[in-house]
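Those protein sequence lines, which keep their order, are chains G and Z. According to this note's numbering, the first sequence is numbered sequentially starting from 5. According to this note's numbering, the second sequence is numbered sequentially starting from 5. Here a beta-carbon is modelled for each residue, glycine too, at the ideal position from N, C-alpha and C.
Number of protein chains: 2
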Amino acid sequence: MKLASLRNGRRDGALHVVDRDLTRALPCQAFPTLQAALDDWDEAAIMLQRLADELRDGRREGTLPFRAEDCLAPLPRAYQWADGSAYVNHVALVRQARGAEMPESFWYDPLMYQGGSDRFLGPCDPIPLKDPDWGCDFEAEVAVVTGDVPMGATPAEATEAIRLIMLVNDVSLRNLIPGELAKGFGFFQSKPASAFSPVAVTPDELGAAWAGAKLALPLLSHLNGTLFGRPDAGQDMIFDFGQLIAHATKTRDLAAGSIIGSGTVSNRDAEGGPGRKVSEGGRGYACIAEQRMVETIRNGAPATPFLKPGDRVRIEMLDGAGKSIFGAIDQVVTDSASA
Amino acid sequence: MKLASLRNGRRDGALHVVDRDLTRALPCQAFPTLQAALDDWDEAAIMLQRLADELRDGRREGTLPFRAEDCLAPLPRAYQWADGSAYVNHVALVRQARGAEMPESFWYDPLMYQGGSDRFLGPCDPIPLKDPDWGCDFEAEVAVVTGDVPMGATPAEATEAIRLIMLVNDVSLRNLIPGELAKGFGFFQSKPASAFSPVAVTPDELGAAWAGAKLALPLLSHLNGTLFGRPDAGQDMIFDFGQLIAHATKTRDLAAGSIIGSGTVSNRDAEGGPGRKVSEGGRGYACIAEQRMVETIRNGAPATPFLKPGDRVRIEMLDGAGKSIFGAIDQVVTDSASA
């Protein structure tokens, strides 16, 4: 099934079941918010599935047209947002561009950072940017929402705890990152609020594309209407979601509603290199920084600018029939200094 | 007023108003959880204050005895836990002990990390420890809970948004920290669930001790019944809570219920040095690591061991009359591998 949190003037929105084609929505009275459903998932899943079945069969009154613009993030605020870097190719490129060596351990010990989760952006919310010099970038990723996962869970146990899957725009302020990481405590100011896809879906909605705790479909990013990247999220993912969740549980329990991200999706090309831009026939990139790194490696300097007010980012994933699975993240950068 | 979340079998517990002496509690029916009250604070504060007045005057039926053991953390789970390092003395000592230089910028640009907040420990909950080789330590700190704070708030505006104050045991796994920080993305596995004091209090409860967005009282830590530290939380705090919150809002809004920590409280001695143990007449330390650093600086090696199963940590703050303000964090380390 597909779930969305629609605007209702409250912080958590109203939980709705959405049909497969993303055209109609049905509110869930018994579990008014997605967090409430996750807190009591065994019971909630049965009820939500019943609503989904009735919605599919046209057996329910009270459905309403579904529009992405009415959506908050599926979890408008969450108790945890931990983002991995499972596409180690992306990390290797970052290091290569700045002439630094990547530790060998990155291939077997996942990188993960604790992100802010008190207030996410909805899929069509503007990206507020106070200072274009901060180097605003998008990062297209896949993320999962977990149930309760006990400390020391195995990857197999962790995979069983995956409740929902969604897309993320992990907005990043590139020019704030070097100074912040040099301080040694990880990201904070350089990672403002992330945005999520209109709907979150259960694993069974993905069919064969969900295999081995990875989502094997191209993740499409458009910048100002032009395709910027189409890397396959199932390829070059060195740590699957079960491994990422297990990493997060090494020293503590994870509570229901924890969101675990894949990190920026990134593919190597057939020769093991960093690939090419879409305009050169390649799969392109799921963030501007990666294209800039490839430009730096090739030409000594980046050419593609970071985001500025007015720029539009669209992130989406289509199924085998060309239909949008999660709806689109579709955001415009706005000058928040003048707001 | 003083607020607590009492165990009721649910994840968020039941919000109660507690009297100043920490003897009686009264449930709040209109705002069943502390997060619900923070979401709608203007209205909630009026109602909670009325309950507090009635509790003080003995005008209410239905009060129950208050016991710290019945408490969850005031916010048993939160949408944000961001911990500063405002006592730069602590950071300078860490660096000195390992022969590293501390950047000058640490004196004017706050260090802050994003912590996990999906499941906190209650004040009397055991500290689960799977492997004593991880180097388990306590860190005694002060923390505040904020209302909504807009992006770019000034320290003065941020100070106005402080709703509640409480104590924290920021449990740390010291031997996991160097490897994790070397990866560049900050703490994750090295910071398991933190514990909080039985009650959170409004600033007006603190009288003159709350001044300049700092809490000017000694923070007492006991290890296995022996006083380990009594540094004054109002001294050597280089960044007050207004500055810490403002730092957190540089690139994003903070939502109501965000918890901002002070970092480990740490005082210099009169000569500007790292002070002495309590047993040597000093103020001691608010974590084991700091005492070990001083031992290393003085004797070339640490002597005090980290926590092992069975060890007991108590963190408390007394008012001028010797009464406990927040109740005590009182935890025993347990072997979670055998659980």
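Same chain, Cβ closer than 8 Å to residue i, neighbours up to 5 away in sequence not counted
i                : result
Gly156 (chain G) : Thr253, Lys254
Ala40 (chain G)  : Leu19, Ala48
Through-space distance from residue j to residue i, alpha-carbon basis
i                : j                : result
Pro159 (chain Z) : Leu258 (chain Z) : 13 Å
Gly314 (chain G) : Arg99 (chain G)  : 30 Å
Ala325 (chain Z) : Val146 (chain Z) : 20 Å
Phe191 (chain G) : Glu58 (chain G)  : 44 Å
Leu322 (chain Z) : Leu221 (chain Z) : 8 Å
Arg256 (chain Z) : Glu284 (chain Z) : 46 Å
Asp61 (chain Z)  : Thr230 (chain Z) : 37 Å
Ser340 (chain G) : Ala293 (chain G) : 22 Å
Ala213 (chain Z) : Leu168 (chain G) : 47 Å
Gly246 (chain Z) : Leu171 (chain Z) : 17 Å
Cys128 (chain Z) : Gly261 (chain Z) : 22 Å
Gln53 (chain G)  : Tyr112 (chain G) : 38 Å
Gly267 (chain Z) : Pro207 (chain G) : 40 Å
Leu125 (chain Z) : Glu47 (chain Z)  : 28 Å
Gly119 (chain G) : Glu65 (chain Z)  : 44 Å
Phe142 (chain G) : Arg316 (chain G) : 10 Å
Gly216 (chain G) : Gly279 (chain Z) : 55 Å
Arg102 (chain G) : Ala86 (chain G)  : 25 Å
Leu133 (chain Z) : Arg123 (chain Z) : 16 Å
Ile329 (chain G) : Ile131 (chain Z) : 42 Å
Asp244 (chain G) : Thr300 (chain G) : 30 Å
Ala250 (chain Z) : Ala162 (chain Z) : 6 Å
Phe189 (chain G) : Asp23 (chain G)  : 43 Å
Ile263 (chain G) : Ile264 (chain Z) : 21 Å
Gly88 (chain G)  : Pro154 (chain G) : 19 Å
Asp135 (chain Z) : Gln335 (chain G) : 45 Å
Asp44 (chain G)  : Met51 (chain G)  : 11 Å
Exposure of residue i, with buried meaning 16 or more beta-carbon neighbours within 10 Å
i                : result
Asp3 (chain Z)   : Residue 3 (chain Z) lies beyond the stretch modelled for chain Z, which goes from 5 to 343, so this question has no answer here.
Ile166 (chain Z) : buried
Ala199 (chain Z) : buried
Ser109 (chain Z) : exposed
Tyr91 (chain Z)  : buried
Asp273 (chain Z) : exposed
Ala290 (chain G) : buried
Gln33 (chain G)  : exposed
Gly277 (chain G) : exposed
Glu209 (chain Z) : buried
Gly13 (chain Z)  : exposed
Ala186 (chain G) : exposed
Ile333 (chain Z) : buried
Gly211 (chain Z) : exposed
Residue i - containing alpha helix (DSSP H), residue span
i                : result
Thr300 (chain Z) : 292–303
Gly183 (chain Z) : 181–186
Gly246 (chain G) : 245–252
Glu320 (chain Z) : Here Glu320 (chain Z) belongs to no alpha helix (DSSP H); instead the beta strand (DSSP E) covers 316–320.
Val203 (chain Z) : Segment: none, Val203 (chain Z) is in no alpha helix (DSSP H) and carries neither H nor E.
Beta-carbon contacts of residue i that lie in its chain and below 6 Å, excluding the five residues immediately before and after
i                : result
Leu26 (chain G)  : Phe70, Gly331
Arg296 (chain Z) : Pro306, Thr308
Val282 (chain Z) : Leu231, Gly288
Leu68 (chain Z)  : Ala29
Leu311 (chain Z) : Cys140, Val337
Gly286 (chain Z) : Gly279, Arg280
Asn93 (chain G)  : Asp240, Ser270, Arg272
Leu205 (chain Z) : The question names Leu, yet the displayed sequence has Val at residue 205 (chain Z). Here the set comprises Lys6, Ile169.
Val148 (chain G) : Ile166, Ile169, Phe245, Ile264
Any C-beta of chain C under 9 Å from that of residue i
i                : result
Phe192 (chain G) : The structure shown contains no chain C; its protein chains are G and Z.
Span of the beta strand (DSSP E), counted from its first residue to its last, around residue i
i                : result
Glu145 (chain Z) : 144–150
Thr230 (chain G) : 230–233
Ile166 (chain Z) : 166–173
Trp85 (chain Z)  : 85–88
Ala29 (chain Z)  : 28–31
7 Å Cβ shell around residue i - same chain, five flanking residues per side excluded
i                : result
Ser194 (chain Z) : Ser176, Leu177, Leu180, Ile181, Glu184
Leu38 (chain Z)  : Leu7, Ser9, Leu19, Pro78, Leu79
Gly304 (chain G) : none
Met241 (chain G) : Ala90, Tyr91, Lys218, Ser266
Glu105 (chain G) : Arg99
Beta-carbon separation (whole angstroms), residue i vs residue j, contact threshold 8 Å
i                : j                : result
Pro114 (chain G) : Leu248 (chain G) : 6 Å
Arg81 (chain G)  : Asp152 (chain G) : About 19 Å; that fails the 8 Å criterion.
Glu73 (chain G)  : Leu224 (chain G) : Not quite, the Cβ-Cβ distance comes to about 19 Å (not below 8 Å), so this is no contact.
Pro202 (chain Z) : Cys75 (chain Z)  : 4 Å
Val21 (chain Z)  : Leu55 (chain Z)  : 4 Å
Val269 (chain Z) : Ala96 (chain Z)  : Going by Cβ atoms, the distance from Val269 (chain Z) to Ala96 (chain Z) rounds to 14 Å, so no, they are not a contact pair.
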